[in-house]
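*Asks:*
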Amino acid sequence: MNFLAHAYLSFGDPKVLIGNFIGDFVRGPIDTVYVKDIVIGIRLHRDIDYFTDHHPVVKEAQSILKPEYGRYSSVITDMYFDYFLGKYWNNYHHQPLEEFAQEVYATIEAHREILPENFLKAFEYMKHYNWLAGYGELDGIRRAMTGMSKRTRFDSKMETAHLFLDNHHEYLRLHFGDFFEDLVAYSKKRLEELRAEK
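Numbering follows full-length UniProt numbering, with no gaps: position 5 of the sequence shown is 5.
Encoded structure:
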């Protein structure tokens, strides 16, 4: 999943949110670098990604992208699912998306001094272009996909992925709905397990 989903799946815990956001940007012995709740967030992030990558509904959604986008299908699916979460945000959260996004940015800013440099570079773009709120709009996905396509080593065709989303909107929306319910239940349970560990 992408940033908006990871923020949502932190369930209002600021330190879990920090860990959930930096999960792809840290390596090595995290237990000696970060406090327990941030470590829990990092582990939760990785468990969410593993659960997502191996879920049959996600694999089915990726299968229609593979002929066009090949190895980039999983990245694009993650972005699509953030789009659906943003677009139908009111079905999942009581707080307006823009307000939620600004609270996330403020939480990250408050922990800036402990965050890895490579994450902070991405965060500056995220905040400046308001990625979290923008994901729920087709134009926001277009901008994000075009930006990513410029950074890929191979011809990803990601700059056309917003058109594919528009053309297969209902199919992908149904897959998101089926999958996300499972993901929320799994993430809540996994967070409880991680908190219970010594």
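Think of the CB as a built atom: it goes at the ideal place given N, C-alpha and C, for glycine as much as any other residue.
(1) Measure from the alpha carbon of Ser-156 to the alpha carbon of each residue in Leu-97, Glu-124, Tyr-69 and Val-104, then state which is nearest.
(2) Can you give the Cα-Cα distance for Gly-86 and Ser-74, rounded to whole angstroms?
(3) Going straight from the alpha carbon of Ala-122 to that of Tyr-186, what length do you get?
(4) With burial defined as no fewer than 16 other Cβ atoms inside 10 Å of the residue's Cβ, what is the status of Gly-140: buried or exposed?
(5) With distances taken Cα to Cα, identify the nearest neighbour of Thr-146 among Arg-27, Glu-192 and Ala-161.
(6) How close, in whole Å, do the beta carbons of Leu-97 and Ala-133 come, if the pair is a contact with beta carbons under 8 angstroms?
(7) Which residue comes first and which comes last in the alpha helix (DSSP H) that contains Lys-157?
(8) Just to confirm my understanding: we take Phe-119, look at its own chain, exclude 5 residues before and 5 after, and list those with CB closer than 6 angstroms. What are they?
(9) Could you say which of Val-58, Lys-188 and Leu-191 lies nearest to Leu-174 if we only look at CA atoms?
(10) Under three-state DSSP, which class holds Asn-130?
(11) Mind checking Asn-20: buried by the 16 CB within 10 Å criterion, or exposed?
(12) On a Cα-Cα basis, can you pick out the residue from Val-104, Arg-142 and Glu-137 that is closest to Glu-124?
(13) How should Asn-167 be labelled, buried or exposed, when 16 other C-beta atoms within 10 angstroms of its C-beta is the threshold for buried?
(14) Given this structure, state the Cα-to-Cα distance separating Phe-81 from Glu-197, to the nearest angstrom.
(15) From what residue to what residue does the alpha helix (DSSP H) around Ser-10 run?
*Replies:* Put simply:
(1) To locate residue 156, count along the sequence shown from 1; it is residue 156. Cα-wise, what sits closest to Ser-156 is Tyr-69.
(2) By 1-based counting over the sequence shown, the position of residue 86 is 86. By 1-based counting over the sequence shown, the position of residue 74 is 74. Going from the Cα of Gly-86 to the Cα of Ser-74 covers about 19 angstroms.
(3) Locating residue 122 in the sequence shown gives position 122, counting from the first residue. Locating residue 186 in the sequence shown gives position 186, counting from the first residue. About 27 angstroms.
(4) Against the sequence shown, residue 140 aligns to sequence position 140. Answer is buried; the Cβ neighbour count reaches 16.
(5) For the purposes of this step, residue 146 is identified with residue 146 of the sequence shown, where counting begins at 1. Considering only alpha carbons, the answer is Ala-161.
(6) Translated into positions along the sequence shown, residue 97 becomes position 97. Translated into positions along the sequence shown, residue 133 becomes position 133. The pair is a contact, with the Cβ atoms about 5 angstroms apart (cut-off 8 angstroms).
(7) Numbered from its first residue, the sequence shown carries residue 157 at position 157. From DSSP, Lys-157 is part of no alpha helix (DSSP H); its letter is neither H nor E.
(8) Counting from one through the sequence shown, the residue named residue 119 turns up at place 119. Closer than 6 angstroms at Cβ, skipping near neighbours: Ile-22 and Phe-25.
(9) Position 174 of the sequence shown, counting from 1, holds the residue named residue 174. That would be Val-58, whose Cα lies nearest to the Cα of Leu-174.
(10) By 1-based counting over the sequence shown, the position of residue 130 is 130. Coil.
(11) Mapped onto the sequence shown, residue 20 falls at position 20. Label assigned to Asn-20: buried.
(12) Translated into the one-based positions of the sequence shown, residue 124 becomes position 124. With distances taken between Cα atoms, Glu-124 lies closest to Val-104.
(13) Translated into the one-based positions of the sequence shown, residue 167 becomes position 167. So Asn-167 counts as exposed.
(14) Walking along the sequence shown from the start, residue 81 turns up at place 81. Walking along the sequence shown from the start, residue 197 turns up at place 197. C-alpha separation (whole angstroms): 30 angstroms.
(15) To locate residue 10, count along the sequence shown from 1; it is residue 10. Run containing Ser-10: none; DSSP gives neither H nor E here.
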